[in-house]
Amino acid sequence: MSHTPTEMMTIAASRLLTNDDICFVGIGAPSAACNLARLTHAPGITLIYESGTLSTRPTVLPLSIGDGELCDTALTTVPVPEMFRYWLQGGRITIGFLGGAQIDRFANLNTTVVGDYAAPKVRLPGGGGAPEIASNCGQIFITMAMGSRAFVEKLPFITSFGHGTGKGDREKLGLRTKGPTRVITDLCVMAPDPETAELSVISLHPGVTREQVQAGCGWPLRFAADLTETPAPSDQELEVLRGLHARTRQAHGVAA
Amino acid sequence: MAKFVSLQEGIEEVLRDGDSVSMEGFTHLIPHAAGHEAIRQGRKRLTLIRMTPDLIYDQLIGTGCAEKLIFSWGGNPGVGSLHRLRDAIENGWPHRLEIEEHSHAAMANAYEAGAANLPFAVFRGYKGVDLPKVNPNIRSVTCPYTGEVLATVPALRPDAAVIHALRADREGNVLLEGIVGVQKEAVLAAKRSLVTVEEIVEDFGPRNANAVILPSWAVTAIAHVPGGAYPSYAHGYYKRANEFYIGWDKIARERDSFLSWIKANVLEKGPDAFAQYARPQRQAAE
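First to last, the sequence lines map onto chains A and B. Numbering-wise, the working numbering puts 789 at position 133 of the first sequence, and it's gapless, one number per residue. Numbering-wise, the working numbering puts 170 at position 168 of the second sequence, and it's gapless, one number per residue.
So, in structure tokens, the structure goes:
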């Protein structure tokens, strides 16, 4: 079965999740990846959305983080202050799964503004839960499509902290969590270099070249010495993902 | 004791020009009908407080009701931008909008501090990020026991809180279920409150002993507005109108199409217009 780059991204992201994970799910690409994992190899995964829904098992992907589907299929639903205080700040969440508008080589994220904050060229939605998800979850996975306007040399604004300006910056701030450990894109998977914390490409998706990946990135990319190829999506992964998207479009009243 | 009022009377009594107001509801139970009533009454110079401004504040900002916005995530969930919010920030239309921006954790903590009658909230957050550089209200305190430096934000103490709930009983007690968000905190943090409800019942009947209930003596006014959360939703009554949220992107993208929509759907309509969305799911299933 052939696949799109976006499907490869979602599937590669879903494979990183396991039955034992307690995962704080951002909306969009992260939500698709987390639910694909739950519907394939990780049926026991615990998914948490910031609306307060704990252990939710939606049959369609929510459009917002607070769709009724999430509450209807949750083990329980807690108030939002409790969500952020007891469950997130309490250190009970192993993985935070984020998207972003812009990322830099140390996996810091911007979802706030392009241009000057006081007179922005483009006003983006802002941080929402992300700043504290990024600092309080055990580790962070980031998923976003590549492009030279998204993977940039310098962020105009740091909304969520990754590895700052390099290895050791998290520790200097008193952060005891790992921060971003994987960035899953539509072309490749990246991980912070163990020595420098700078992102390097650890696997290329099938058929993708180094040149293509570099073209979608605003800084000179490093490639790991033991660079591998991401296994292609299986028919089962693609069928489950497409079924999920088809149910979702129908549920949201959007023509398939 | 809470007074039963019409929506028009409720907004007249609880919300005044120049007030700070929280119209809360975390995706669920957003008080859209009350927002429309504030637009119809032409409220001015409001400080709008909400974690997610959502369509309700996109409408209030686009119609010029707001002077300032305190928020933590200003998008159309799963769709994209709030175009009226962006037009106000990027181009000052219909006039300049002051913003005070936080994270969700900060806002949730600030509501809780307000409800608890504390001057500020303390939490572990804002580490390494740029918001504290542009928001002077984000400060820090050193823990007197451990020496850890923790983030602080001022408590939210709005003049008015406006929320939508599932039911009120005849005594004016208010029941919320499902995604309960920060509404209880917003009401208890505010000086005055207006609650719109799907239903008024004689008695709540059998219920979970831990149900979220706001006692009548903690609420200022209650208005019966069936469907009043649409296109948000009311747990057990009607679902979120995701197709409306998707369609809003086109309506709000241009000033003209936005103003035409407001004229036809807000200025020329009343609270009764929401009743068509209120059909309980249990009836729909029969």
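Note that beta-carbon positions come from the ideal geometry of N, C-alpha and C, so glycine has one too.
Pairwise C-alpha distance: residue j and residue i
i	j	result
V769 of chain A	P889 of chain A	35 Å
P848 of chain A	R838 of chain A	7 Å
L248 of chain B	V81 of chain B	Going by the sequence as given, residue 248 of chain B is Ile instead of Leu. Roughly 6 Å between the two C-alpha positions.
E270 of chain B	V214 of chain B	35 Å
V916 of chain A	I796 of chain A	Lying before the first or after the last residue shown, residue 916 of chain A is absent from chain A, which here runs from 657 to 912.
R694 of chain A	G700 of chain A	7 Å
G180 of chain B	L731 of chain A	12 Å
E867 of chain A	D842 of chain A	14 Å
T662 of chain A	S670 of chain A	12 Å
Y59 of chain B	R242 of chain B	17 Å
Y239 of chain B	P714 of chain A	19 Å
H237 of chain B	K828 of chain A	45 Å
D728 of chain A	R88 of chain B	33 Å
P96 of chain B	G771 of chain A	22 Å
T148 of chain B	K129 of chain B	18 Å
V896 of chain A	S259 of chain B	39 Å
G835 of chain A	Y742 of chain A	20 Å
Q745 of chain A	V736 of chain A	12 Å
R748 of chain A	R126 of chain B	14 Å
G818 of chain A	I798 of chain A	10 Å
R257 of chain B	F740 of chain A	37 Å
Contacts around residue i, its chain only, beta-carbon distance under 7 Å, and the 5 residues preceding and following it disregarded
i	result
A289 of chain B	Nothing can be reported for residue 289 of chain B: it is not among the residues displayed for chain B, which extend from 3 to 288.
P862 of chain A	E885, T886 and A888
R284 of chain B	Any reading at R284 of chain B must be qualified, since the residue scores a pLDDT of 48, below 50, and its modelled position is unreliable; the value itself is stated next. Excluding positions up to five away in sequence, the list is empty.
S687 of chain A	V681, L717 and P718
V143 of chain B	V124, L152 and T154
V289 of chain B	The structure shown does not extend to residue 289 of chain B, since chain B is modelled only from 3 to 288, so the question has no answer here.
A287 of chain B	Residue placement at A287 of chain B is poorly supported in this model, since its pLDDT is 43, which falls under 50; the coordinates are not used for a value here.
D109 of chain B	Before going on, a small fix: residue 109 of chain B reads as Met here, not Asp. For M109 of chain B, where only same-chain residues beyond five positions count, the Cβ hits under 7 Å are M53 and S74.
M25 of chain B	P33, A36, G37, R52, I58 and V164
Residue nearest to residue i in terms of C-alpha spacing, selected from the options
i	options	result
V176 of chain B	B:D258, B:L133, B:V203 and B:L158	B:V203
P156 of chain B	B:R18, B:R255 and B:I72	B:I72
H697 of chain A	A:Q892, A:H901 and A:R903	A:Q892
V184 of chain B	A:P686, A:V734, A:L673 and A:C727	A:V734
A118 of chain B	B:H30, B:V189 and B:K241	B:V189
S711 of chain A	A:I678, A:G684 and A:P737	A:I678
W250 of chain B	B:P233, B:F28 and B:V268	B:P233
D171 of chain B	B:H104, B:F206, B:D60 and B:L178	B:F206
T854 of chain A	A:G822, A:R866, A:A685 and A:E867	Looking at the sequence shown, residue 854 of chain A is not Thr but Glu. Cα-wise, what sits closest to E854 of chain A is A:G822.
A191 of chain B	B:P146, B:K252 and B:A112	B:A112
M665 of chain A	A:M800, A:L883, A:L831 and A:R905	A:M800
Q906 of chain A	B:R255, B:E245, B:A254 and B:S262	B:E245
H106 of chain B	A:E895, A:P781, A:L900 and A:D676	A:P781
N792 of chain A	A:Y773, A:G830 and A:K777	A:G830
S2 of chain B	B:R255, B:E200, B:I140 and B:W263	Because chain B spans 3 through 288 in this model, residue 2 of chain B falls outside it and cannot be assessed.
R903 of chain A	A:H659, A:G747, A:M802 and A:E725	A:E725
R159 of chain B	B:I13, B:L9, B:E11 and B:D21	B:D21
H38 of chain B	B:Y279, B:P273, B:A280 and B:G76	B:P273
A115 of chain B	A:I759, A:E738 and A:L744	A:E738
A167 of chain B	B:Q43, B:G27, B:S83 and B:S8	B:G27
Y773 of chain A	A:S859, A:P812 and A:I759	A:P812
Residues near residue i by beta carbon distance below 6 Å, same chain, minus five either side
i	result
G682 of chain A	F753, L754 and G755
A90 of chain B	I63 and L99
S816 of chain A	L765, A786, P787 and A790
H85 of chain B	A254 and R255
S707 of chain A	I721 and G722
A911 of chain A	Annotation note: pLDDT 47 at A911 of chain A (below 50); position unreliable, coordinate value reported separately. Once the five neighbours on either side are set aside, A911 of chain A has no close Cβ partner at all.
T674 of chain A	A698
H104 of chain B	S74
Own chain residues within Cβ distance below 8 Å of residue i, not counting five before or after
i	result
S856 of chain A	M846, A847, P848, D849, L877, R878, F879 and A880
G174 of chain B	M3, A4, K5, F6, S218, V221 and I224
L900 of chain A	A688, N691, L692, L695, V716 and L717
T750 of chain A	D676, D677, I678, C679, C793, G794 and Q795
V16 of chain B	A162, V164, R194, S195, L196, T222 and A223
- Query: In chain order, what residues of the region 658-681 of chain A put their CB closer than 9 Å to some CB of chain B?
  - Reply: none
- Can you give me, in chain order, the residues of the region 808-823 of chain A that have a beta carbon less than 8 Å from any beta carbon in chain D? This model lacks chain D altogether; the protein chains it does include are A and B.
- Please list the residues of the region 75-86 of chain B that have a C-beta atom closer than 7 Å to any C-beta atom in chain A, keeping them in chain order. W75, G76, G77, P79 and G80
- Message: Check whether the region 868-877 of chain A and the region 805-820 of chain A are in contact - that is, three or more C-beta pairs closer than 8 Å.
- Response: yes
- Can we say the region 160-170 of chain B touches the region 192-207 of chain B, given the rule of at least three CB pairs closer than 8 Å? yes
- Query: For the region 698-727 of chain A, which residues have a beta carbon sitting closer than 8 Å to at least one beta carbon of chain B?
  - Reply: E706, S707, G708, T709, P718, L719, S720, I721, G722, D723, G724, L726 and C727
- Message: Closer than 7 Å between beta carbons: that is the criterion. Which residues of the region 107-122 of chain B meet it against chain A?
- Response: A107, A110, N111, Y113 and E114
- Query: In the region 180-200 of chain B, which residues sit with their C-beta less than 8 Å from some C-beta in chain A, listed in chain order?
  - Reply: G180, I181, V182, G183, V184, K186 and E187
- Cβ-based contacts, 7 Å cut-off: residues of the region 244-255 of chain B near chain A: N244, E245, Y247 and I248
- What are the residues of the region 766-778 of chain A that lie near chain B, defined by any Cβ-Cβ distance shorter than 7 Å? Y773 and P776
- Task: Check distances from the C-beta atoms of the region 139-155 of chain B to those of chain A and list, in chain order, the residues that come in under 8 Å.
- Result: E150 and V151
- Task: Give, in chain order, every residue of the region 35-68 of chain B whose Cβ lies closer than 8 Å to some Cβ of chain A.
- Result: M53 and T54
- Going along the chain, which residues of the region 875-897 of chain A sit with their C-beta nearer than 8 Å to a C-beta in chain B? none
- Mind listing which residues of the region 731-747 of chain A have their C-beta closer than 9 Å to chain B's C-betas, in chain order? T733, V734, P735, V736, P737, E738, M739, F740, R741, L744 and Q745
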